[in-house]
Amino acid sequence: MTNDEATASVTAVWAMPSYRNRAVEPTREAAWETLNRYTKSEALLRHALAVEAAVGAYAQRFGEDEQLWRATALLHDFDYEIHPTLDQHPQDGAPILRDEGWPDEVVEGVLSHASHLGLERDTQLKKTLFACDELAGFIHACGLVRPDGIETLEPKSVKKKLKQPSFAAGVNRQDVYEGAEELGVELDDHIRFVVEAMRPIAGELGLRQSAE
Ligand SMILES: [Fe+2]
Ligand SMILES: [Fe+2]
9 MTNDEATASV TAVWAMPSYR NRAVEPTREA AWETLNRYTK SEALLRHALA VEAAVGAYAQ
69 RFGEDEQLWR ATALLHDFDY EIHPTLDQHP QDGAPILRDE GWPDEVVEGV LSHASHLGLE
129 RDTQLKKTLF ACDELAGFIH ACGLVRPDGI ETLEPKSVKK KLKQPSFAAG VNRQDVYEGA
189 EELGVELDDH IRFVVEAMRP IAGELGLRQS AE
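This is the structure in structure tokens:
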């Protein structure tokens, strides 16, 4: 290879979108920063925080890379405000993340939460994110109608509400049941685990807490 050829091939590689920026260290702080650049809605930010709490707690339980898992959870709906329909979300968001230098594990995790893309959830991170996404949203909704938020929320009452189609109708029940099954956890244990993970940030999630 001549010098000119070598220069040309290096230039070509660096012109590829995924190499344009330096790789991002996948931390929750970096993900929070990226998320906030694309998302202004308080409800969406709270949803991201709720899913992060659940996925982060599972990362600890499984001994996985907690920062990477938290980053993926925070980013899973990062493009929803700019791509609010399923013909764009999250598939049109993925190239933005790649372009910003987010690692494949994060980008693929983000893509995999969307059932309509039909991607295999073949890693523990993908299974966990899918299992926590709709459920965290549903638990949030349960907490919003209770005087003490999620402080005393039990799996039994979450399951009862899951059977009422009119309550939080936007939450796909099938995804909740399938998510737990794919992750290999009992629904009761899963609900309890996610509620406990969300409790410490109940205030940030806009949930009432009983005054003590
Ligand atoms: Fe989504
Ligand atoms: Fe979500």
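In this text, residue positions in the sequence shown follow our numbering: the first is 9, and each later residue adds one.
Backbone N, C-alpha and C fix where the C-beta goes; we use that ideal spot for every residue, glycine too.
Just so it is clear, the structure is predicted and the values come from calculations on it, not from any experiment.
Distance, residue j Cα to residue i Cα
{"i": "Y185", "j": "R207", "result": "22 angstroms"}
{"i": "L53", "j": "D87", "result": "11 angstroms"}
{"i": "W77", "j": "L133", "result": "7 angstroms"}
{"i": "L191", "j": "R36", "result": "23 angstroms"}
{"i": "E212", "j": "G151", "result": "13 angstroms"}
{"i": "I199", "j": "R69", "result": "15 angstroms"}
{"i": "E33", "j": "R129", "result": "23 angstroms"}
{"i": "L57", "j": "P173", "result": "25 angstroms"}
{"i": "F175", "j": "E50", "result": "21 angstroms"}
{"i": "E116", "j": "A177", "result": "28 angstroms"}
{"i": "H91", "j": "H97", "result": "5 angstroms"}
{"i": "E194", "j": "Q75", "result": "26 angstroms"}
{"i": "E89", "j": "A38", "result": "19 angstroms"}
{"i": "A144", "j": "V118", "result": "16 angstroms"}
{"i": "K164", "j": "G126", "result": "31 angstroms"}
{"i": "S26", "j": "D100", "result": "Note on S26: pLDDT 49, under 50, position unreliable in the model; the coordinate value appears next. When rounded, the distance between both Cα atoms is 15 angstroms."}
{"i": "V179", "j": "K171", "result": "12 angstroms"}
{"i": "L43", "j": "V114", "result": "13 angstroms"}
{"i": "C140", "j": "E189", "result": "12 angstroms"}
{"i": "I209", "j": "H55", "result": "12 angstroms"}
{"i": "G71", "j": "A122", "result": "25 angstroms"}
Residue from the options with nearest C-alpha to residue i
{"i": "M202", "options": "Q172, V166, K171, H84", "result": "Looking at the sequence provided, one finds Val at residue 202 rather than Met. Here the closest residue by C-alpha is V166."}
{"i": "H124", "options": "L143, L195, D183, E37", "result": "D183"}
{"i": "S120", "options": "G187, W40, K48", "result": "G187"}
{"i": "D73", "options": "D95, R30, T131, R216", "result": "T131"}
{"i": "R45", "options": "L82, Q99, D196", "result": "L82"}
{"i": "D196", "options": "K168, I90, V118, S49", "result": "K168"}
{"i": "S218", "options": "E194, Q75, E189, R154", "result": "R154"}
{"i": "E204", "options": "E60, L43, T42", "result": "E60"}
{"i": "T80", "options": "W40, A210, I147, H148", "result": "W40"}
{"i": "H148", "options": "L43, T42, L215", "result": "L215"}
{"i": "R181", "options": "I209, G71, F146", "result": "F146"}
Cβ-based burial, residue i [other Cβ within 10 Å; buried from 16]
{"i": "E142", "result": "buried"}
{"i": "T47", "result": "buried"}
{"i": "T136", "result": "buried"}
{"i": "A31", "result": "exposed"}
{"i": "P94", "result": "Sequence check: residue 94 is Leu here, not Pro. Exposed is the call here."}
{"i": "D85", "result": "buried"}
Just checking, does the stretch 158 to 177 make contact with the stretch 95 to 110 on the three C-beta pairs under 8 angstroms criterion?
no
Say whether the stretch 99 to 107 touches the stretch 64 to 78, bearing in mind that this needs 3 or more beta-carbon pairs closer than 8 angstroms, one atom from each stretch.
no
Closer than 7 angstroms: residues whose CB approaches a heavy atom of ligand 2:
That query returns the following residues: H55, V59, H84, D85, H121, D141, G145.
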